[in-house]
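Novice:
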Amino acid sequence: MAELDIDAVAGPAWGGGVAPFATNTKKLGMWLFLLSDSLTFSTAILAYAYVRLASPAWPRPFEIWPAIANATFLTVILLSSSLTMVLAVAAAHRDDVRRAVMYIILTAIGGAAFVVLHLMEWFRLFAEGVTPWSNQYVVNGQPGDPLFGGTFFGLTGLHMLHVSIGVIYLSIIAIGFGRRKFNADHVEVSGLYWHFVDLVWMFIFPMVYLMSVNLTVKP
Amino acid sequence: MSAHASPIHHSEAPKGWIRHYIFSFDHKIIGTQYILLGLSAVTIGLILSLIFRTHLVWPDAHIWGFANGIVSPEDYLRLITMHGTLMVFFVLTTVPQSGFGNYFLPIQIGAPDMAFPTLNMLSFWTTLLALLVLLSSAFVPGGSAIGGWTAYAPLSAVGQIAGPGQGLGETLWVVSIALFCGGSLMSAINFLGTTIDLRTKGLSLMRMPLTVWGWFITACLALLAFGVLLAACILLLLDRLAQTSFFIPGNLDVSGVVLHHSGGSPLLWQHLFWFFGHPEVYIAILPAMGIISHVLSTFSRKPVFGYKAMVYSLTAIGFLSFAVWGHHMFISGMNPYSALAFSIITLVIGVPSAIKTFNWLGTLWGGKIHFTTAMLFAIGFVSLFVTGGLSGIFLAQPALDLYLHATYYVIGHFHLIMGVAAIFAMFAATYYWFPKMFGRMMNEGLGKLHFWITFIGVYCIFMPMHYLGYAGDARRYSSIESVNYMIPLHPVHFFITISAFVTAGAQLIFYFNFFWSMGHGKPAERNPWHATTLEWAVSTPVPHDNFAGDYPVIYRGPYEYSVPGAADDYIPQHLAPEQVAKAG
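Those protein sequences? They're chains A and B, same order as listed.
Each number in this note's numbering corresponds to the 1-based position in the first sequence with 874 added.
Anchor point for the second sequence: position 460 equals 455 in this note's numbering, and the numbering is continuous, going up by one each time.
Here it is as structure tokens:
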């Protein structure tokens, strides 16, 4: 009777039922989503770079006060909300439900404050005549590129949409974790999303605001 | 024996008919829903193509549903736009991956369901909504879009002024594709999470069936490509609805009106679209390659020749697919130096593609070939892939592409390699897996008749298009009468249209076979093809959690056919070594 060659390699190399890299499936799913979402943002940022580099008349209208000061304040709020999110995840893993819920709610409040302040900034720009299709600026004697408003509202709008969804998401997590329907992993996964939205802002802040600071000295 | 507790275990099927068959979380039901969605889309797309082929050769033919019964030039563009969109997105992208993949991926890896069943249901309903939005555009004022399935800017961005259908119709087109992106992203996350985490004990990566590898790599591509198309769709919607100018240059004159937009670039849309669009070609064909390897091995009664080479070449194609999008843009006015780079990388893709082809032939070589219908379609796929691939080498040269790009040559090329080849894989998959899905066999005689007419028919349709292209026949023209130098080749167009009708007629055999066999086919045994992978280890109909709580352990690779010393010519993956009957 011939030996079956194939039996020589019969030992299972994969045990099954384990999550590679100690990443549970839910967390893996979130990482995959963030990977794809980062490409969506990259595309929008790339489009911004493309039209800006090709433009002979890109406005740089942002004064240190109020635009940059406001955007810096927004950055501080968003970064602080990431800190409270870290504290929330730590508390959730300690099974400290009361503190975890409190920190999640603080994070959501930070996000909501960001959206409100950012919308006020939008309306200030609308009042100055900056719209997605036109603006009043004059650059090198030419009318400012209309895509200044298009890219500004497009990029910050896409980000603001993400923050708004995050606020709703965190509220659901806070309620669910408070009622012990969700576990610490749910909190951690929502934290991943929140930090990602934060990280995107760390690209948008310099690219949209700091690169458009008005550096001309006023007479 | 249960190898491990499943994180998403649910052994009881829901009771109500609606919960079971309509709003189902079960990957098998969702897979079937995707397949039926694709079957509806392919039927509509096929009928549209027959209408425009009819119009080309009989321009005065009265066709029901058109103003005065005549297809106007705009109607012609509408028809090809809808044909392309339906076929590429809702058939080629949907059926091999989300349809068959959903149904068989969890079974083949020994999992009870997809990793995220709710997300799975959501992705199907999003895709269905996308289809309904697309179809609804036919009934709005101005009709559906006329901008082609690529929606090239700036005419896709400027609205109604670019023609009837570029108003609300085009907006609905963009919304539909954005929704489709969302559905495909959810589906991709699900496929990746499932494959990485839910494989049963013993199923290491290099023991996965090549179908699973195909779906896995495709999901990687979908995850990375659809996010980009989604952003592009958002920017296009901003151009259309918020009056931005991402894709609209300054001083653009459309129909005698100079638009107020300025600063944008139509080339940006092409870059973003094709950065998605080229991986999309592989999203359509990689699952097909997996299915074909699987079927060829089963019916050659031989292991896949060069299994690891197959896996690595799939991966290589996946990587390279993100670096060649510029070969769709040789005539766009792009920098010729970048055209050279894109051309070289495109030719490099020929290497892993050739490895796959050689390995398919190597699998067939010396095998005990069973010419079932599924096998015929698999061999047909290899033929189409080689034919379409060879013309791809020509098109990869910028100097040749400049001449051939806007002609029928390209139509012939991509229909053979991407369209019909993937359709052949879907047919192979249908004939192969039908016994597991519906518990009955499809009729082999009708299947073979269907195969031969279709196989000869598609060559009769698409091979002559290469000649038309060489002769300079421009694609997208609604009238062949208007091109004087093409008059001697009119008989070729007649031949193509007649072939299209015969081939489409042959699909009626398939429809009949498919639906009739569901209720009246010969009852199928558990493993009618004597195949090795896990889908043939489970009973038919497949239990709600696939394995009825009894999760298998995998002991060997997926294609152990004709192993020397074994009594049977196949050794299932889940059979413990001591259970394998030895020849004696």
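Heads up, the beta-carbon is just placed ideally off N, CA and C, and yes, glycines get one too.
Going residue by residue through the stretch 936 to 1014 of chain A, where are the continuous alpha helix (DSSP H) segments of at least 4 residues, counting only ones entirely within it?
Specialist: 943 to 967 and 971 to 1001
Novice: I'd like to know if G188/B contacts chain A, where contact means its C-beta is closer than 8 Å to some C-beta of that chain.
Specialist: yes
Novice: Is R521/B helix, strand or coil when you go by DSSP?
Specialist: coil
Novice: According to the Cβ coordinates, are D234/B and F242/B closer than 8 Å?
Specialist: yes
Novice: Taking Cβ-Cβ distances shorter than 8 Å, what residues in chain B pair up with P1020/A?
Specialist: By Cβ distance, chain B contributes T239, S240, H256, S257 and G258.
Novice: Alpha carbon to alpha carbon, how far is I102/B from T897/A?
Specialist: 23 Å
Novice: For R244/B, collect the residues of the same chain with a Cβ closer than 8 Å to its Cβ; drop the 5 residues on either side in sequence, then sort them by chain order.
Specialist: One detail in the question is off: residue 244/B reads as Pro in this sequence, not Arg. The answer, listed in chain order, is P149, H256, S257, G258, G259, S260 and P261.
Novice: What alpha helix (DSSP H) runs, 4 residues minimum, are completely inside the stretch 220 to 308 of chain B?
Specialist: You should have 261 to 295.
Novice: Which value, in whole angstroms, describes the spacing of the CA atoms of G345/B and S512/B?
Specialist: 40 Å
Novice: My understanding is that V290/B touches A423/B, with C-beta atoms under 8 Å, so please give their C-beta distance in whole angstroms.
Specialist: 5 Å
Novice: Between F95/B and G26/B, how many whole angstroms is the CB-CB distance? I'm expecting something under 8 Å.
Specialist: 7 Å
Novice: I want to verify the contact list: residues of chain A whose CB lies under 8 Å from the CB of F317/B, in sequence order.
Specialist: Neighbours of F317/B on chain A: none; closest Cβ ~11 Å, over 8 Å.
Novice: On a CA-only basis, which of H539/B, A532/B and Q161/B is nearest I549/B? Give me that one, please.
Specialist: Looking at the Cα atoms, A532/B is the closest of the given residues.
Novice: What does V306/B touch in chain A if you count any residue whose Cβ is under 9 Å from its own?
Specialist: Result: empty, since nearest Cβ-Cβ is about 15 Å, beyond 9 Å.
Novice: For A318/B, which option in L87/B, S292/B, L335/B and F510/B has the closest C-alpha, if you only look at C-alpha atoms?
Specialist: L335/B
Novice: Which residues in the same chain as I172/B place their Cβ atom closer than 6 Å to its Cβ, once the five residues preceding and following it in sequence are excluded?
Specialist: C228
Novice: What's the gap between the Cα of I841/A and the Cα of I1049/A?
Specialist: Because chain A spans 875 through 1093 in this model, residue 841/A falls outside it and cannot be assessed.
Novice: Counting only C-beta atoms, is L205/B closer than 8 Å to chain A at any point?
Specialist: no
Novice: By Cβ distance below 7 Å, which residues in the same chain neighbour M77/B in space, the five residues on each side in sequence not counted?
Specialist: L43 and S139
Novice: Compare the beta carbon distance of T213/B and Q92/B with 8 Å and say whether it is the shorter of the two.
Specialist: yes
Novice: Could you check whether the Cβ of V533/B sits closer than 8 Å to any Cβ belonging to chain A?
Specialist: Residue contact with chain A for V533/B: absent (no Cβ-Cβ distance below 8 Å to any residue of chain A).
Novice: What residues in its chain sit with their C-beta under 7 Å from that of I280/B, if we drop five residues either side in the sequence?
Specialist: M413, A416 and A417
Novice: Work out the CA separation of L193/B and H569/B for me, nearest whole Å.
Specialist: 16 Å
Novice: So the candidates are L1044/A, F1051/A and L1084/A; which of them puts its Cα closest to the Cα of S1113/A?
Specialist: For residue 1113/A there is no data in the structure shown, the boundaries of chain A being 875 and 1093.
Novice: Pick out whichever of K901/A, L906/A and V990/A has its Cα sitting closest to the Cα of T1030/A.
Specialist: Nearest in C-alpha terms to T1030/A, of all of K901/A, L906/A and V990/A, is V990/A.
Novice: Residues of chain B with CB under 8 Å from V1013/A, in chain order?
Specialist: Residues of chain B passing the Cβ test: none, with the nearest at roughly 12 Å.
Novice: When the distance is taken between beta carbons, is L51/B closer than 8 Å to H488/B?
Specialist: yes
Novice: Would you verify that the beta carbon of T914/A is, or is not, closer than 8 Å to some beta carbon of chain B?
Specialist: yes
Novice: Apart from the five residues on each side of it in sequence, which residues of its chain come closer than 7 Å, Cβ to Cβ, to S557/B?
Specialist: R296, K297 and D564
Novice: At a cut of 8 Å, does the stretch 45 to 65 of chain B reach the stretch 113 to 126 of chain B through at least three beta carbon pairs?
Specialist: no
Novice: What are the residues in the stretch 98 to 123 of chain B lying within 8 Å of chain A by C-beta distance?
Specialist: G105, A110, F111 and L114
Novice: Should P282/B be labelled buried (16 or more other beta-carbon atoms within 10 Å of its own) or exposed?
Specialist: buried
Novice: For the alpha helix (DSSP H) containing I504/B, list its first residue and its last residue.
Specialist: H485 to H515
Novice: Report the three-state DSSP secondary structure of V1087/A (helix, strand or coil).
Specialist: strand
Novice: Residues in the same chain with beta-carbon distance under 8 Å from M201/B, minus the five sequence neighbours each way, listed in chain order, please.
Specialist: Y302, K303, V306 and G552
Novice: Measuring straight from C-alpha to C-alpha, what distance separates P559/B and S333/B?
Specialist: 53 Å
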